[in-house]
Every structure is written in structure tokens, then in C-alpha cells.
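Residue numbers (the numbering used here), protein chains in the order written: chain A, 1 to 313; chain B, 1001 to 1313. Input: a single structure, listed below in C-alpha cells.
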């Protein structure tokens, strides 16, 4: 049987050319055509590849659907209540790990070493040394110890940081000095100088960082969210920064993206906004996962990075 | 025989209290007194500790001098032509390594991930993703493979960078993929995306980075100098940036410090100035070296990090 792949991505042309370049067996490859015959094509294709928010609206019409390969790590648009769960859904993992780690340490180091103030000083021709600490004297908290969280832990250990982690189940994790579970979330919150959020978006993690959570954190702490906007309450983070409950926040993800230009976040003091860019899904990276998964799909083997619809990740 | 230590440092009080706290045997500890009896005291002390630029003017009067412990890694003010070489001169090593490494990667990551432009975008409420590369796709050149250079190489390898190094003698060095020597400096210059200078200031390294050197480098390269200002010609780096021979420069050190507020460097495009702060000599760190060296001095054992007057480092 011929497989039919429909690509629904902001980078459709790039994906089409990369996948064609692989010369996969028994695979017809389609980009989304001009409005009109889209529906018929969706109905005929058994494999979809793309961003979850682009794929979600087509799921009801996908009569032959067997497998969706997401180009993003987070797949919440495909997990809304009542949505179909009668297909294989696979995500991407590991490829983002270095991008995410580099982003997190870019900001940790930039803030610890006052890069932004130093540039301001330069503009004023001001030669002013500022104290700092080595990362070896800092404690990082990693909230979520999936593949991204564990990668960040490894880099933190390279810099000799003290590493705390938070996860659902109590288990030892490499490069993590101390693991906390939901039974002691407050204890976890109290320690970190840098708090990095890498949890998946689920009902349990929604607004995990609210006013109460910020109240437990160090006044000198910096929050860095690279996972999903729903995990951090936006009014609470603005309040926490205005009241000085925490010192800073670096947010790559938001409850609504792109962030509205009316959002109070843009001008909140000590809040750094990046445009959901910490771990970009480069087609080259995603295609290497798709290629391996297509081989497995053809051979009826378990696919890599399959999402558990019940857990949500 | 009683040893007499004179501290000549911007942090004299801190050094005095830290060293007294160690309770060293047979050691009288002096800070520099008010002008007047300084000379007599200098003549009586056999050990000096402090910044080389503060120590240098007192060397001629130091009639009992046996040992100078520098609080800085670079000791050029003590190596001027005709200056005394009849004492032990020791520097500090290793303690700066993490500070230097964190500084270098703060700027590499900040530039690779466009942190400064992203902050500008935020000020304009602009949501704009920008492409970047993983450090794994970047080549770092480390010019000088002493303890700081090797430390930077280790972090570069943690980030899976390709690492080239430049040193006087051809020797394999851990974490360095390819070692270049002065016979092939031009070959070395052509590769790196990020070129980090950690060489000591000597006659051989003076203005090593001149117009010709910048002409060999990639147009997309960024120069990062954390060692000494004399190694980079300041007019040449301004010219190279203006002509686009290189993309950027991060300078922590200058030919004259503090940098004059008339210097054209302050406003040169894509040049980042930091106030000789990459590796601060924290007294706690220096005192741990002094303590070990004092034990060795008492026991007539070779001191740590002794400077070779002939080589200059």
C-alpha cells in the first residue's frame, strides 16, 4: 500500500524537498494545495507532518489518518478535550536539547555577568566594574526533567552549579543533586537562584507558577520559561516582578502567541521576552526523526517519541 | 627568621584580614601605611603581595625582597626592560579559569542568540524570530593554550564546538581538535567563527592582531580579547569592524586602562567593551594560592605559578 504524506508546516517547501531528497519508499509527498481541494487531499493522506496548531483543524477531515508527526515538542493543540485519539502521534525530542540549553545559559550568563547594563554603560562611556558570582556558587532549579531538563542539568554540572530538579516521581536523575516531587514543591521553590521551566503543558502544570509560588522563591531568583506559556501565570509574574518577589524573568513562551502588542509583559521591569525561539524546529533536525519513524512505521515497529494521549506528553 | 609581608592592593584590608585569619607561622603582615614611612617598610619586607602596577614602583626600594605574589595573572608592569629579576615572582592561575570561561561563553551565546537585538525588539514590542546556529556548528579558535585557554576549550567541547588552538610549540592539547603554531598563524586565523585571545602580553604577542591578521579572518568572525590590550591593535580592530573584515569584537582589556572617554572604541559598531572584569581577582581565590605558596616558601620548595622572567609568563 502506498502511503500518502501531507505536510502542514510554516516550512512546507523545505520539508518537501528534504523528504523527497531521502527518496523514501512507497511515499507520496504533498504540500497543502491552494484552498479548495485541500479537504479531499486531507481525507486521502494517512500521514501528516507539521506544527500541531496547523494540523489540528484538519484532523476531523482526515479519514485515512494513521500517524501524525509533530514538528514541535509540545502538541497541546492536538490534545483538546474530545479530540480524536485513534492515530499514532509522535513528537520531536533530543534535537532541541542543545538549542534550549544554549538559550538557557545565554540568559543565565548574560544576567550573572550584567551584559545588558554593561552595554548601557558603554553607551555612556562609563568604565564601571560590577561584582558577579561564578556559576559554581549558584543553584539552578530545573522544573521538569525530561530530555531537555536533563540536558540543561548536564551543562549546569559542567559549570559546577548546584542542581535541583522537580519531577512527578521521586527518582534519582544524573547530574541532579536533589530531586523534588509535587509533595514538596514549596521546598523546591525556595532554593534556586535560576529557576528553569521545562515541564510539558498539562492540566497539572497549568499556572503552576502563580502568586503563591513566586512568594516562595528567593527575591534574587530569576525565572526562565522555555516550555509552554500556560505553566506561568502572566499576571502573577508581572506582579512578582513589580513587588520584587523575584528579581527577573526570561520568557520564551506565552499564553497567547505571538504576544499581543498590548500585553503589559513588554514593559514589565526585569522581564526579558523572546519570541518562542529558544528551540527552533529546524526542518533538517525534524526530518531526521521523521525518516527514522517512517522506517519504523513501514516495518510496524514502535515509533520514536510517541505521545501518550492520556498523560499529554 | 621572621618573614615580613607587605600588601599593595586595591583590596589591602580584605587581604590583610584573610591572611591574618589563616594564622601563618612567622609572618608579620603589613598594609601600606600613610605616605612617609612607606619606604622604610618596603625596605624591610621580604614578601610583597598585590597588583603588579601597584608593586612595580616599590621594587627599586625593596632591599630585602625575596618573593612577589601577584594578585593578577598578567605581570607586565614587573617585566619592563632593565627591571630587577633577583626575586621569585609568582602569578595566579586556575582561579580565573571559570570566571574567564563564563565571560567568554556569555558573549558567544549572547551574540549567537541575538540577545541585544532581542532586547531592542522588546522595547519596540516587536515579535521577530531570528535564525541562529547551535554552537555545535561553530568553530572556536583559542589563541593561547595556558590554563585559561584549556579551560575554555573544555567548555567549547561541552557545547560540541570544533576547537582550534594556537600556541608557541606544536603539542597535542586535550579538547583541542587542531593545534597551530606561529609557522601557520594565517592558517589558524582563517577558520574560527569565534576567536578568543588568552595569550600573555610579551614582545612576540604585541599587536599580533593587526590589520593583516583581521584581513585573514572570516568576515563573520567575532574577536574576544580577555588577556591583555597590547595583543590587539586598537586602530586595527576599529578599522576591521568599520570595513567589515570581521563581524564583531568583545574587548575586556585595552592598551590603556581605564579606557579614555575620548577613545573611538566606545562608539565603534559591533564592538562590545567590558571594564577589565572578565576574571576578577577575588581576594579569597588569591589568598588560597598565597597560603600554599607561603608553605612552600617556608619549606624552600618550588612555588606555584612562578613567572619565568625571560619568557615573560
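Cβ atoms here follow ideal geometry from the backbone N, Cα and C, with glycine treated the same way.
Given residue i, which residues of its chain have a CB within under 8 Å of its CB, disregarding the five upstream and five downstream residues?
| i | result |
| --- | --- |
| residue 112 (chain A) | 132, 133, 135, 138 |
| residue 2 (chain A) | 26, 27, 28 |
| residue 8 (chain A) | 32, 48, 49, 50, 51, 54, 55, 58 |
| residue 1172 (chain B) | 1179 |
| residue 64 (chain A) | 4, 43, 44, 45, 46 |
| residue 130 (chain A) | 114, 117, 118 |
Roughly how many angstroms separate the alpha carbons of residue i and residue j, rounded to a whole number?
| i | j | result |
| --- | --- | --- |
| residue 67 (chain A) | residue 27 (chain A) | 13 Å |
| residue 233 (chain A) | residue 1219 (chain B) | 44 Å |
| residue 275 (chain A) | residue 1121 (chain B) | 10 Å |
| residue 1297 (chain B) | residue 1099 (chain B) | 28 Å |
| residue 80 (chain A) | residue 90 (chain A) | 16 Å |
| residue 106 (chain A) | residue 1115 (chain B) | 8 Å |
| residue 1158 (chain B) | residue 1282 (chain B) | 26 Å |
| residue 252 (chain A) | residue 280 (chain A) | 11 Å |
| residue 1165 (chain B) | residue 1211 (chain B) | 21 Å |
| residue 1201 (chain B) | residue 1312 (chain B) | 8 Å |
| residue 127 (chain A) | residue 1261 (chain B) | 9 Å |
| residue 224 (chain A) | residue 69 (chain A) | 28 Å |
| residue 1271 (chain B) | residue 1222 (chain B) | 9 Å |
| residue 1177 (chain B) | residue 1150 (chain B) | 12 Å |
| residue 229 (chain A) | residue 41 (chain A) | 33 Å |
| residue 78 (chain A) | residue 72 (chain A) | 12 Å |
| residue 1256 (chain B) | residue 1289 (chain B) | 28 Å |
I want to see whether chain A comes within less than 8 Å of residue i, judged by CB atoms only; does it?
| i | result |
| --- | --- |
| residue 1156 (chain B) | no |
| residue 1284 (chain B) | no |
| residue 1128 (chain B) | yes |
| residue 1125 (chain B) | yes |
| residue 1105 (chain B) | yes |
| residue 1102 (chain B) | yes |
| residue 1241 (chain B) | no |
| residue 1273 (chain B) | yes |
| residue 1360 (chain B) | No statement about residue 1360 (chain B) is possible, as the shown extent of chain B runs from 1001 to 1313 and does not include it. |
Are there any heavy atoms of the ligand GTP lying less than 7 Å away from the beta-carbon of residue i, as far as the coordinates show?
| i | result |
| --- | --- |
| residue 274 (chain A) | For the ligand GTP, the structure offers nothing, since it holds no ligand at all. |
Mind checking if residue i is an interface residue toward chain B, Cβ cutoff 8 Å exclusive?
| i | result |
| --- | --- |
| residue 67 (chain A) | no |
| residue 306 (chain A) | no |
| residue 277 (chain A) | yes |
| residue 33 (chain A) | no |
| residue 148 (chain A) | no |
| residue 171 (chain A) | no |
| residue 119 (chain A) | yes |
| residue 153 (chain A) | no |
| residue 98 (chain A) | yes |
| residue 113 (chain A) | yes |
| residue 110 (chain A) | yes |
| residue 116 (chain A) | yes |
Give the range of the beta strand (DSSP E) segment to which residue i is assigned.
| i | result |
| --- | --- |
| residue 162 (chain A) | 162-166 |
| residue 47 (chain A) | 47-50 |
| residue 1070 (chain B) | 1067-1070 |
| residue 1090 (chain B) | 1088-1090 |
| residue 273 (chain A) | 271-273 |
| residue 15 (chain A) | It is not in any beta strand (DSSP E) - residue 15 (chain A) instead sits in the alpha helix (DSSP H) that spans 12-22. |
| residue 30 (chain A) | 27-31 |
| residue 366 (chain A) | With chain A covering only 1 through 313, there is no way to say anything about residue 366 (chain A). |
| residue 1096 (chain B) | Element bounds for residue 1096 (chain B): not the beta strand (DSSP E) but the alpha helix (DSSP H), 1096-1112. |
| residue 178 (chain A) | 178-180 |
| residue 1003 (chain B) | 1003-1008 |
In chain order, what residues of the same chain lie with their CB nearer than 6 Å to the CB of residue i, ignoring the 5 residues before and after it?
| i | result |
| --- | --- |
| residue 1156 (chain B) | 1140, 1163 |
Along the chain, where does the alpha helix (DSSP H) that runs through residue i open and close?
| i | result |
| --- | --- |
| residue 288 (chain A) | 283-298 |
| residue 173 (chain A) | First-last for residue 173 (chain A): undefined, no H or E at that position. |
| residue 1197 (chain B) | Note, residue 1197 (chain B): premise wrong, no alpha helix (DSSP H); beta strand (DSSP E) at 1194-1197. |
| residue 219 (chain A) | No alpha helix (DSSP H) holds residue 219 (chain A); DSSP gives it neither H nor E. |
| residue 1187 (chain B) | 1185-1190 |
| residue 142 (chain A) | Run containing residue 142 (chain A): none in the alpha helix (DSSP H); it sits in the beta strand (DSSP E), 139-143. |
| residue 236 (chain A) | 234-243 |
Does the beta carbon of residue i sit closer than 8 Å to a beta carbon anywhere in chain E?
| i | result |
| --- | --- |
| residue 1071 (chain B) | Annotation note: the requested chain E is absent from the structure, which comprises protein chains A and B. |
So, at 7 Å on beta carbons, what are the nonlocal neighbours of residue i in its own chain, with the 5 sequence-adjacent residues on each side left out?
| i | result |
| --- | --- |
| residue 154 (chain A) | 175 |
| residue 83 (chain A) | 59 |
| residue 1238 (chain B) | 1264, 1265, 1268 |
| residue 1011 (chain B) | 1283 |
| residue 1014 (chain B) | 1283 |
Under 7 Å (Cβ pairs) to chain B, residues found in the stretch 174-197 of chain A: none
Positions along the stretch 217-237 of chain A whose CB lies within less than 9 Å of some CB in chain B: none
Interfacial residues, the stretch 7-21 of chain A to chain B, with Cβ spacing under 7 Å: none
Positions along the stretch 1130-1143 of chain B whose CB lies within less than 8 Å of some CB in chain A: 1130, 1131, 1132, 1134, 1135, 1136
Within 7 Å of chain A by C-beta, residues of the stretch 1252-1263 of chain B in sequence order: 1258, 1259, 1261
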